[in-house]
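Numbering (our numbering), first residue to last: 57 to 972.
Have a look at this one:
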């Protein structure tokens, strides 16, 4: 309300007009203050309540006589759908649709960051403008894919004056300038706006706090931070704007102390009308930029509506399970389909059927490739067929009529052979390649040609047999590399050709290939140095690069950087200020475009460099599904699915194994029926072996993971018990040690010479006698002191300790200070008795813990032995796979020997014929 009133005061000086406007602003402020966090049906409830309250229809909240009457007219629809504008004598209620109706946007929409004017973007931009103007922190809350981050970044980068504001992302101190010992400032007296995205992600500490957000809360409370050394850092004129997803699942709830500083607004999930508007605008704009005419509108509507139907049906029917943890679908998948359809050019489309096949292809790559179950795939194909009939007004059979009758398995084979890509060119470096439909035979010939060329240029040769299964995955990799910011998650066991196909696809696209060969001395700094070079080439020189990483490469620090690249395109604290200036200078000419004289803010230049990195760097992650961390990474790191397409490498089908066998045995001169029998037998044997080993390997890995967790718990218990035991023993030993430092023999002799010692000495000697007998005789022993020091304090009889505590220790005279007045030696003996009593008390606590420690150690060693056994089982399974590979090599070697024998026999036969 304060912000709105300030705006109103700037617009009028008339008290009557201001009074009327104030009523409208108050209603608007109530809706957004009390109802800003709400969404869906709750908007209707709060709207009805506020309207009835303002109209005096709530008896329990009836206005008093001194309250001014309401003269403002309220809108007919939801107040949430209107904005109150201070204009005229009574003000105007204007819908958000009216606000965006005249908004113009660039016709060359960047497919990577489209901001289409909608009611939600209009609301978001208005709230951002208001809060930034009056320096009020705000948070946008909503599900993934609703454009929270996109709207904020677009507004900060394009709607604010760079002369007045300094926009920052995630990293704060690295982008500010030091102006004193503990003071940082923004250049040229501008305000600093810091955007904190995904504030639900920081993990909770042991005291259930998010450390990074507590640091932000400290700033909001005191306008300063504290370093690890507790030195204050002062940051004036800094505004925080945050975005987060709804709490739940792996999303943490931020503390109320932090949230209390913000105005919080909910960003609702897009309804179908809004989704349709957004994606129609994106698709139509990009297709018209690719030489299509206005007549493409009909196809655009059909594509968007059909995609929307498939998307919501998949979300409603497929849910994540432990075995299908990757069944997580969001608006990114919808966007991927539209993005793929946006790549086509009119020159490569000769009929409407091609557009339908293109849409089918993108649906398959986005959803079909992620699905594991054949029945689920059948269901998806049925939905595709229904959408073709309903939205495209055609039939599935007619669209794919070139494949012949489509029934059962033929349908899957037909759709798997549906290829679109940008590689149908004999020139490797060809910038004019078009995204087009590819014939599988022509694509195979092209792949074989590129492999021959690759082997001529590279030291490490490729040996790929291009059966259809390999061609399918090769085409998918080429497609993903075609898309700006296209990254892929390859899921499958080792030995299925993921690395080789990635190398070949990179070569076919004309890109640079990089992989992370970690050596023994490889460390964090070396990785960061290598990553800098890759990003400098990708962003600064606009060189497309493919970075291949497998799960063995993904150490914690590498995985953290990769996740940052997938999320935002940059790695926090990777560059120094000088390095950023150098990178900004590298892209300045390209960013300026035609207007070479235009000066661009360094922040915008660096953001342009980041965009170039995102577009030109293609990350290929290869992960084995049997890896115990696979499910954990998918669940705890949403960037893997949000930022990557997925290509699931299943075990080679029997047809593929037959093709391999045929290639290897093809040159052997045997009867065709014998050769075919050998091929089929070998293929079935390999298929059976690999199929049997897969579940065993998965089970073994799961058991290994469980056993590791048990060992970690047992180890922690053992360490905890050992630590407690050491502390208790040290305490008891210190007391015993101090007591055992008794006085010298002369003191003892003095006590022994006394015929009638004081009562205090008699009391102490009586306590000693209870341990060994008559005290006079005991003290005459030359080794008396040594016996006291060596006394077995671990096994004192309970009845003796009970008597000592009852008859002596409770006696007021049995105090070392009082005994000291009679004899220094007696004081030492008194301390010794007390120390023995204290040690006995501690011993009763330590002994059970010692027993527990022994039990825990036994359990630990038993668990460790079980783990070693499981590891041996896993190793045995891996050895089986190696044996199978060795068997394949042996078969190949045997084939060569047979071939040599056949050739030798042919030569001998020829010579014999000549002799005859």
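Note that CB positions come from ideal geometry on N, CA and C, so glycine has one too.
Bear in mind that the values here come from a model prediction, so they are computed numbers and not experimental data.
Residue from the options with nearest C-alpha to residue i
i, options, result
"residue 144", "68, 177 and 179", "68"
"residue 858", "643, 871 and 894", "894"
"residue 440", "413, 457 and 429", "413"
"residue 174", "362, 338 and 421", "338"
"residue 313", "617, 271 and 898", "271"
"residue 542", "569, 581, 436 and 392", "392"
"residue 295", "525, 273, 904 and 544", "273"
"residue 593", "551, 554, 572 and 668", "668"
"residue 479", "109, 157, 491 and 703", "491"
"residue 609", "328, 677 and 551", "677"
"residue 319", "498, 662 and 184", "184"
"residue 529", "516, 513 and 500", "500"
"residue 81", "95, 591, 892 and 63", "63"
"residue 324", "621, 94 and 85", "94"
"residue 586", "924, 570, 681 and 396", "570"
"residue 892", "853, 377, 921 and 910", "853"
"residue 100", "300, 110, 112 and 87", "87"
"residue 290", "278, 116 and 157", "278"
"residue 178", "195, 190 and 203", "203"
Simplified DSSP state of residue i, which is helix, strand or coil
i, result
"residue 673", "strand"
"residue 871", "coil"
"residue 151", "strand"
"residue 196", "strand"
"residue 68", "coil"
"residue 138", "strand"
"residue 376", "coil"
"residue 704", "strand"
"residue 606", "strand"
"residue 281", "strand"
"residue 828", "Residue placement at residue 828 is flagged as unreliable, the pLDDT there being 40, under the threshold of 50; the coordinate-derived value follows with that caveat. Helix, per DSSP."
"residue 491", "strand"
"residue 172", "coil"
"residue 854", "helix"
"residue 678", "strand"
"residue 666", "helix"
"residue 288", "strand"
"residue 132", "coil"
"residue 847", "coil"
"residue 467", "helix"
Delimiting residues of the alpha helix (DSSP H) encompassing residue i
i, result
"residue 77", "71-90"
"residue 497", "496-513"
"residue 637", "633-642"
"residue 686", "686-692"
"residue 214", "204-214"
"residue 395", "387-397"
"residue 629", "No alpha helix (DSSP H) holds residue 629; DSSP gives it neither H nor E."
"residue 402", "Run containing residue 402: none; DSSP gives neither H nor E here."
"residue 454", "452-455"
"residue 412", "408-422"
"residue 449", "Careful: residue 449 lies outside any alpha helix (DSSP H) and carries neither H nor E."
"residue 98", "97-110"
"residue 695", "695-698"
Endpoints, beta strand (DSSP E) assigned at residue i
i, result
"residue 184", "Segment 175-189 is the alpha helix (DSSP H) holding residue 184; no beta strand (DSSP E) there."
"residue 877", "Unbroken run through residue 877: none, as it is neither H nor E."
"residue 252", "247-252"
"residue 476", "475-477"
Rounded Cβ spacing between residue i and residue j (contact assumed at less than 8 Å)
i, j, result
"residue 149", "residue 140", "6 Å"
"residue 419", "residue 547", "Their Cβ separation, rounded to whole angstroms, is 20 Å, which puts residue 419 and residue 547 out of contact at 8 Å."
"residue 503", "residue 474", "The Cβ separation is near 17 Å, so there is no contact."
Within the segment 545-602, ranges of the beta strand (DSSP E) (whole runs, at least 3 residues) | Qualifying beta strand (DSSP E) stretches, in chain order: 568-571.
Scan the segment 291-374 and note each continuous beta strand (DSSP E) run of 3 residues or more that stays entirely inside, going in chain order.
-> If only complete runs of 3 or more residues are kept, the segment 291-374 shows the beta strand (DSSP E) at 294-300 and 319-322, in order along the chain.
What runs of the alpha helix (DSSP H), each 4 residues or longer, lie entirely inside the segment 513-542?
-> Segments of the alpha helix (DSSP H) lying fully in the segment 513-542: 524-538.
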